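Residue numbers (my numbering), protein chains in the order written: chain A, 1 to 154; chain B, 1001 to 1364.
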């Protein structure tokens, strides 16, 4: 093989690997929970977050935490339920309705607008929600905690 | 029954339905309301002398559910209207005393066991098309009281999701009567028609169960129900019963198991003062497995022991002693499902099999 051919193949391989690496980086997603500064969210375990979103009461330092479901991004909603609550969206919705039917428990409020959600978290005490880390970086909420990170298949 | 007594339930029923339909408008964020539908379309059974089973026709029903919250107060209403029956199933007022205790007043489901308090009349919420025989509703041939009117104290030993929970209920039990088809059935106290039926006697239920909510969710417990059932209408004085139940519900990702066992001890007293005693055991095991994204396969086995010599079970010849159920559920939208269920059952007198096609849905 000539030196020229070797250089061309090597260049192609490097470009291919670099491109692939960029694509893979783009697919890596990080889930965080966000809240106002009044919630010590570092004390919340993943199990606690799961229980909160299944409708069970959780208290931190004597204060009850109120979860909000972020419906602004369908992918975020599905990933959160699968990776943190361990349920599909359908199973989760059926389960929550069933729980309300059984005991009369309130449903967890849902907000489908990012700005409204951010405003709600800042204004209402002891509320938490979940977002992509990338989304939070553009916002002013700074009390965050990483709860999951991984690659999503396209 | 005079004209006034006939009109009262109908008027109250219309009033309740009107209130339920209007409440989302005035109750706003404090109220929740939804409807649960079911149609049992194809119901084939090869039993010749059908007493308590559904006929080979369409069975349809709609269950209206409404809950209103105001701070520590909660009002909960459930009304079922169907081709076979229409009844106010639940009308209860809850007051949360603290994190550990809630008091409930009204007509509600007995906390005995798992199935009744978990699914009520919400056919859409249960994976299978049918209920186990032992927990069937009274007007569908059920042999144990499901609806009790009274007071319940319920709560948990801590305010978190894991731990012990309890229910203590005192109320009035259903009485035994003869229905329009000439069969004996339990008649719970009807809040919309309090004059109906004979005298209602007391019942007490205590339930203690343990819940875990980690990756594997479990709910296991024991319940004890003690009751006295009025039986004048069927030629007896009363029936005293002690019922003990053990159950366990395991919820894995993609699969669920419900197992429950009942021990029922009865004392039948006739007007001459003589008593006949008996007891039987009944158990069921249901397994559910998600097979594809929207498909769930399930199977259930039910069995009774010492049923042939029990004087209480002898009052219900339509009761199914043994049954094997298999089925497939398809959730074809996020709020609708169809079930195809086959069952092979045995009563005291005969064996039969049946096939049911059921559609169930929730709205909105």
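Backbone N, C-alpha and C define an ideal beta-carbon position, used for all residues, glycine too.
Bear in mind that the values here come from a model prediction, so they are computed numbers and not experimental data.
The closest CA to that of residue 1192 of chain B, considering only B:1106, B:1357, B:1059, B:1258, is found on B:1106. Of the other Cβ atoms in all chains shown, 16 or more fall within 10 Å of the Cβ of residue 1065 of chain B; this residue is therefore buried. A residue is called buried when at least 16 other Cβ atoms come within 10 angstroms of its Cβ; residue 1199 of chain B does not meet this threshold and is exposed.
In the assembly as shown, residue 1271 of chain B is an exposed residue. Its beta-carbon has fewer than 16 other beta-carbons within 10 Å.
Look at residue 1117 of chain B: its C-beta is under 8 Å from a C-beta on chain A.
In the same chain as residue 110 of chain A, and ignoring 5 residues on each side of it, the C-beta atoms closer than 6 Å to its own belong to 69, 71, in chain order.
Following the DSSP letters along the chain, one finds residue 98 of chain A inside the alpha helix (DSSP H) bounded by residues 89-103. Taken through DSSP and simplified to helix, strand or coil, residue 130 of chain A comes out as strand. Taking 8 Å as the cut-off, the beta carbon of residue 1356 of chain B is found no closer than this to the beta carbon of residue 1156 of chain B. Below 8 Å, too few C-beta pairs join the segment 1222-1232 of chain B and the segment 1097-1105 of chain B to call them touching: fewer than three. If you compare the alpha carbons of A:40, A:60, A:66, A:42 with that of residue 120 of chain A, the shortest gap goes to A:66. Taken residue by residue, none of the segment 1290-1313 of chain B has a beta-carbon sitting less than 7 Å from a beta-carbon on chain A. Inclusion of residue 1261 of chain B and residue 1283 of chain B in the CB contact set at 8 Å is warranted, their separation being smaller than that value. Beta-bridge partners assigned by DSSP to residue 1308 of chain B: none are found.
If you look at residue 106 of chain A, you'll find it isn't in any beta strand (DSSP E); DSSP assigns it neither H nor E. A straight line joining the alpha-carbon of residue 104 of chain A with that of residue 1076 of chain B spans about 7 Å. Considering only B:1172, B:1349, B:1252, the residue with the shortest C-alpha distance to residue 1308 of chain B is B:1349. With a 10 Å radius around the Cβ and a threshold of 16 neighbouring Cβ atoms, residue 1118 of chain B comes out buried. Under DSSP, residue 1213 of chain B shares a beta bridge with B:1217. For residue 1136 of chain B, the CB contacts under 7 Å within the same chain, skipping 5 residues up- and downstream, are 1142 in chain order. Between residue 1205 of chain B and residue 1132 of chain B, the C-beta spacing is not below 8 Å. Interface flag for residue 1331 of chain B against chain A is set, since a Cβ pair is found closer than 8 Å. Non-local beta-carbon contacts of residue 1305 of chain B in its own chain, meaning distances under 6 Å to residues more than five positions away in sequence, involve 1281 in chain order. Taking a C-beta distance under 8 Å as the contact criterion, residue 1185 of chain B and residue 1251 of chain B do not qualify as a contact pair.
Residue pairing by DSSP places residue 1202 of chain B opposite B:1172 in a beta bridge.
A Cβ-Cβ contact shorter than 8 Å links residue 128 of chain A with residue 33 of chain A.
Between the C-alpha atoms of residue 1089 of chain B and residue 1078 of chain B there is a straight-line separation of about 5 Å. Considered as a whole, the segment 1086-1162 of chain B harbours 1086-1098, 1101-1109, 1147-1156 as its complete beta strand (DSSP E) runs of no fewer than 3 residues, in chain order. Here DSSP, grouped into helix, strand and coil, assigns residue 1352 of chain B to strand. When the beta-carbon positions are compared, residue 117 of chain A and residue 30 of chain A stay at least 8 Å from each other.
Note that the C-beta distance between residue 1146 of chain B and residue 1109 of chain B is below 8 Å.
A residue is called buried once 16 or more other Cβ atoms fall within 10 Å of its Cβ, and residue 63 of chain A, having fewer, is exposed. In its chain, beyond the 5 residues on either side, 1259, 1301 have a beta carbon closer than 6 Å to the beta carbon of residue 1285 of chain B. Across the segment 92-107 of chain A, CB contacts with chain B closer than 8 Å involve 93, 94, 97, 98, 100, 101, 102, 104, 106, 107, in sequence order along the chain. For residue 1222 of chain B, the secondary structure class from DSSP, reduced to helix, strand or coil, is strand. A straight-line Cα-Cα distance of about 5 Å links residue 1040 of chain B and residue 1059 of chain B.
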